[in-house]
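So that you can map any letter, position 55 of the sequence shown is 365 in the numbering used here, and since no number is skipped, the others follow by simple counting.
Don't be surprised by glycine CBs; every beta carbon is placed ideally from N, CA and C.
Following: one structure in structure tokens, then a few remarks.
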Amino acid sequence: MRTKISLLGLFFITAILFTSCGKDKPGYWSQDEQNAKDRQLIEDYAAANNLDGQFTDSGLYYVIDEPGGEDKPSSTSKISVHYKGYYLDGVALDEGDLTDTYISNLIPGWQEGIQLIGKNGKIKLIIPSVLGYGHTPSQGVRADAVLVFDILLKDFTN
311 MRTKISLLGL FFITAILFTS CGKDKPGYWS QDEQNAKDRQ LIEDYAAANN
361 LDGQFTDSGL YYVIDEPGGE DKPSSTSKIS VHYKGYYLDG VALDEGDLTD
411 TYISNLIPGW QEGIQLIGKN GKIKLIIPSV LGYGHTPSQG VRADAVLVFD
461 ILLKDFTN
């Protein structure tokens, strides 16, 4: 009998916890809503900056400035790049060189985008937050930030 009462109590506590986490609560966050917001921000940014790029299925927007060589890196390639990153409002995020870095160690937007160009290729990636640092970044990046990166793929090895 005690087990039934304990299980019934646990059920009610669980039900209360799940129903108390609704969209109408302050601080509620939805990935679907964030994706839609990011998509609109990217479309607006592309239009305002006369960018002629395209979206991938994941939501990454890219513009290939220079396609580079015919061979492309793979998801397991080691790459060397020069990059400049910034927010949609133009505030600088980071700039520098990465040398002998595996694509698989990079944020998802880079992993996908860098594979679109060859050696000496240049690409602009506009990365929705889900493919960047997300809702709770740990590297001092703004939460839910859409990021822009200009990348030159200097070299890679498969």
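With 16 other CB atoms within 10 Å as the buried threshold, where does residue i fall?
i	result
A420	Sequence check: residue 420 is Trp here, not Ala. So W420 counts as buried.
G470	Absent from the structure is residue 470, since the part of the chain shown begins at 311 and ends at 468.
D348	buried
A455	buried
S387	buried
V401	exposed
Anyone know if the C-beta pair for residue i and residue j falls short of 8 Å?
i	j	result
P438	G369	yes
G469	Y393	Residue 469 cannot be examined here, being either before or after the span of the chain that is shown, 311 to 468.
D410	S390	yes
G428	K382	yes
Y371	A356	yes
V440	Q350	no
I551	Y443	Summary: the structure shown does not reach residue 551, with the chain confined to residues 311 through 468, and so no result is reported for it.
Taking the alpha-carbon positions, what's the residue i to residue j distance?
i	j	result
L457	N468	27 Å
F466	E380	13 Å
N360	Y412	32 Å
Looking at the unbroken alpha helix (DSSP H) that takes in residue i, where does it start and where does it end?
i	result
Y338	Per DSSP, Y338 belongs to no alpha helix (DSSP H) and is neither H nor E.
E422	418–424
Over the uninterrupted beta strand (DSSP E) stretch that includes residue i, give me the two end residues.
i	result
S390	388–397
E380	From DSSP, E380 is part of no beta strand (DSSP E); its letter is neither H nor E.
Looking at C-beta atoms only, is the number of pairs between the stretch 421–433 and the stretch 376–383 that lie closer than 8 Å three or more?
yes
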